[in-house]
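Trainee: 173 is the number that the numbering used here gives to position 133 of the sequence shown; each next residue is one higher, with no gaps. Backbone N, C-alpha and C fix where the C-beta goes; we use that ideal spot for every residue, glycine too. Starting off with a structure, shown below.
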Amino acid sequence: MSSPPPYEDLLDYVLIDADRLQKRIAELGKEISEDYRHFEDIVLIGILKGSMLFMTDLMRQLTVPHSVDFMDVTSYGVGVRHSTGDVRILMDLHAPIERRNVLIVEDIVDSGRTLEHVLRLLWARRPASLRVCTLLDKAERREVAVPLDYIGFQIPNVFVFGYGLDIDEYYRNLPFIGVVKPGVVILDEEEGKDDS
Ligand code: PRP
Numbered sequence: 041m042s043s044p045p046p047y048e049d050l051l052d053y054v055l056i057d058a059d060r061l062q063k064r065i066a067e068l069g070k071e072i073s074e075d076y077r078h079f080e081d082i083v084l085i086g087i088l089k090g091s092m093l094f095m096t097d098l099m100r101q102l103t104v105p106h107s108v109d110f111m112d113v114t115s116y117g118v119g120v121r122h123s124t125g126d127v128r129i130l131m132d133l134h135a136p137i138e139r140r141n142v143l144i145v146e147d148i149v150d151s152g153r154t155l156e157h158v159l160r161l162l163w164a165r166r167p168a169s170l171r172v173c174t175l176l177d178k179a180e181r182r183e184v185a186v187p188l189d190y191i192g193f194q195i196p197n198v199f200v201f202g203y204g205l206d207i208d209e210y211y212r213n214l215p216f217i218g219v220v221k222p223g224v225v226i227l228d229e230e231e232g233k234d235d236s
């Protein structure tokens with residue numbers, strides 16, 4: 041397997057630099073801490089894998105006590121590179137959420153299908169409350185309406201990577217959100233779904 045090219049070969053321009061990201065995450069942390077200040081128990085649920093970096097930076101900005109859990113979902117069938125519209129759980133939560141206050145942490149909401157599915161699934165487990173915090177909202181691509189309680193940035197309909205978002209599983213470690221150069225082939229996008 042050949043190594044992926046350096047990110048500079050794929051980067052058109054930086055959409056949100058590291059400084060802007062961290063400033064906005066600090067604001068979100070403050071807002072969430074304020075809103076949840078009277079809640080005794082909060083659990084943040086990160087949707088893997090894209091939310092990894094956002095989750096760890098966001099939790100460091102929270103001043104309210106909270107635990108974390110993770111769920112890995114995909115909108116692809118196993119071994120399939122096109123969207124099946126069928127969202128599957130690859131890894132479920134470790135703990136029950138009944139009567140708990142849950143905040144879902146996402147990196148990006150695109151069509152909204154992943155989140156719609158996760159919300160339906162989690163509401164069925166009877167949490168005390170369920171809210172959503174997404175770093176990026178690509179509203180232009182929405183296919184199903186989903187409630188977003190906290191939004192880091194509204195972004196245009198461009199292909200983004202970095203800060204948790206991958207191109208074929210690479211570049212999640214970049215500290216900024218970049219836009220992919222036109223002409224770069226992204227397997228998922230070729231088949232009709234953004235690889236964000
Ligand atoms: C991305 C992202 C969201 C979802 C958004 O995950 O993290 O969970 O897609 O797309 P949607 O609104 O169109 O459903 P992806 O399936 O690419 O997995 P990853 O986070 O592991 O990269």
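Below 8 Å, can you find three or more Cβ-Cβ pairs linking the region 134–142 to the region 165–174?
Mentor: With a cut-off of 8 Å, the region 165–174 and the region 134–142 count as touching, because enough Cβ pairs lie within range.
Trainee: Along the chain, where does the beta strand (DSSP E) containing residue 204 start, and where does it finish?
Mentor: Careful: residue 204 lies outside any beta strand (DSSP E) and carries neither H nor E.
Trainee: When DSSP labels each residue in this structure, what does residue 153 get in the three-state scheme?
Mentor: In this structure, residue 153 counts as helix in the three-state DSSP scheme.
Trainee: In the DSSP assignment, find the alpha helix (DSSP H) that holds residue 218 and state where it starts and stops.
Mentor: Not the alpha helix (DSSP H): residue 218 falls in the beta strand (DSSP E), residues 217–220.
Trainee: When you compare the CB positions of residue 200 and residue 174, do they come within less than 8 Å of one another, or not?
Mentor: No; because the gap between Cβ atoms is not below 8 Å, this pair is not in contact.
Trainee: In terms of residue numbering, what span does the alpha helix (DSSP H) encompassing residue 96 cover?
Mentor: Its alpha helix (DSSP H) spans residues 92–100.
Trainee: Assuming residue 102 and residue 69 are in contact, meaning their beta carbons sit under 8 Å apart, how far apart are those beta carbons, in whole angstroms?
Mentor: At roughly 5 Å, the Cβ-Cβ gap stays under 8 Å, so residue 102 and residue 69 are in contact.
Trainee: Just to confirm the assignment, what range does the beta strand (DSSP E) spanning residue 182 have?
Mentor: From DSSP, residue 182 is part of no beta strand (DSSP E); its letter is neither H nor E.
Trainee: Check whether the Cβ atoms of residue 112 and residue 83 sit closer than 8 Å, and answer yes or no.
Mentor: Cβ distance not < 8 Å, so residue 112 and residue 83 don't count as in contact.
Trainee: Within 10 Å of its beta-carbon, does residue 220 have 16 or more other beta-carbons around it, so buried, or fewer, so exposed?
Mentor: Buried is the call here.
Trainee: Tell me the residue span of the beta strand (DSSP E) that contains residue 109.
Mentor: Run containing residue 109: 107–114, per the beta strand (DSSP E) assignment.
Trainee: With DSSP run on the structure shown, which of helix, strand or coil describes residue 132?
Mentor: Three-state result, residue 132: coil.
Trainee: Would the beta-carbon of residue 146 be found less than 7 Å away from any heavy atom of the ligand PRP?
Mentor: It does: the Cβ of residue 146 is within 7 Å (strictly closer) of some heavy atom of the ligand PRP.
Trainee: Is it the case that the Cβ atoms of residue 153 and residue 91 are separated by a distance below 8 Å?
Mentor: No, the Cβ-Cβ distance between residue 153 and residue 91 is not below 8 Å.
Trainee: Leaving out the 5 sequence neighbours to the left and right, which residues in its chain are closer than 6 Å to residue 59 when beta-carbon positions are compared?
Mentor: Here the set comprises nothing.
Trainee: Using C-beta distances below 6 Å, list every residue in its chain close to residue 145, excluding the 5 sequence neighbours before and after it, in chain order.
Mentor: So the qualifying residues of the chain are 84, 86, 91, 95 and 173.
Trainee: For residue 223 and residue 48, what's the separation of their Cα atoms in angstroms?
Mentor: Looking at the two C-alpha atoms, the distance is approximately 14 Å.
Trainee: Closer than 8 Å by C-beta to residue 238: which residues in its own chain qualify, once you throw out the five before and the five after it? Chain order, please.
Mentor: Lying outside 41 to 236, the shown extent of the chain, residue 238 is not represented and no answer is given.
Trainee: Quick check on the burial criterion: 16 or more other C-beta atoms within 10 angstroms. Buried or exposed for residue 178?
Mentor: By the neighbour-count rule (16 or more Cβ atoms within 10 Å), residue 178 is buried.
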